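For the sequence shown, numbering that gives the first Met the number 0 assigns the number 0 to the initial residue and increments by one for each residue that follows.
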Amino acid sequence: MAWDNALITQFYLDGTANLIFSGSVASNIITLKLSAPSTATTISYLIDKRWDSKNLLLGQNQLAALTFFEMPLR
Numbered sequence: 000m001a002w003d004n005a006l007i008t009q010f011y012l013d014g015t016a017n018l019i020f021s022g023s024v025a026s027n028i029i030t031l032k033l034s035a036p037s038t039a040t041t042i043s044y045l046i047d048k049r050w051d052s053k054n055l056l057l058g059q060n061q062l063a064a065l066t067f068f069e070m071p072l073r
């Protein structure tokens, strides 16, 4: 996967945007850094009409890598 920090606008913690400060990808692991501590219980990537086709996490084959909605955080 290829990371671009513009992707942080596409992640939501408990439905709230702009809580991710930065991110990175190593192999098949995505690491997100928060802008502040959070008690969020879910994470979503690409929410309904708010997603931007210019900010997609792409695989090495240039296809969109994933999407998820309200996945539980542990």
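The C-beta atom is built at its ideal place from N, Cα and C for all residues, glycine as well. In this text the structure is predicted, and so the values were computed from the model without any measurement.
Beta bridge counterpart(s) of residue i as assigned by DSSP
i: Leu12; result: Thr15 and Ile42
i: Ala5; result: Ala5 is not bridged to any residue.
i: Pro71; result: Thr41
i: Leu33; result: Ile19
i: Leu57; result: Ala1 and Ala63
Whether residue i touches residue j by CB criterion (9 Å)
i: Asp51; j: Thr8; result: yes
i: Ser37; j: Leu12; result: yes
i: Ala35; j: Thr15; result: no
i: Tyr44; j: Phe20; result: no
i: Ala1; j: Leu62; result: no
Reference residue i, options the options, closest by Cα
i: Lys32; options: Ala1, Leu18, Trp2 and Asn54; result: Leu18
i: Pro71; options: Ala1, Met0, Thr41 and Ala25; result: Thr41
i: Asp3; options: Gln59, Arg73, Gly58 and Asn54; result: Asn54
8 Å contact criterion, which residue i and residue j should meet: CB distance rounded
i: Gly22; j: Ile29; result: 6 Å
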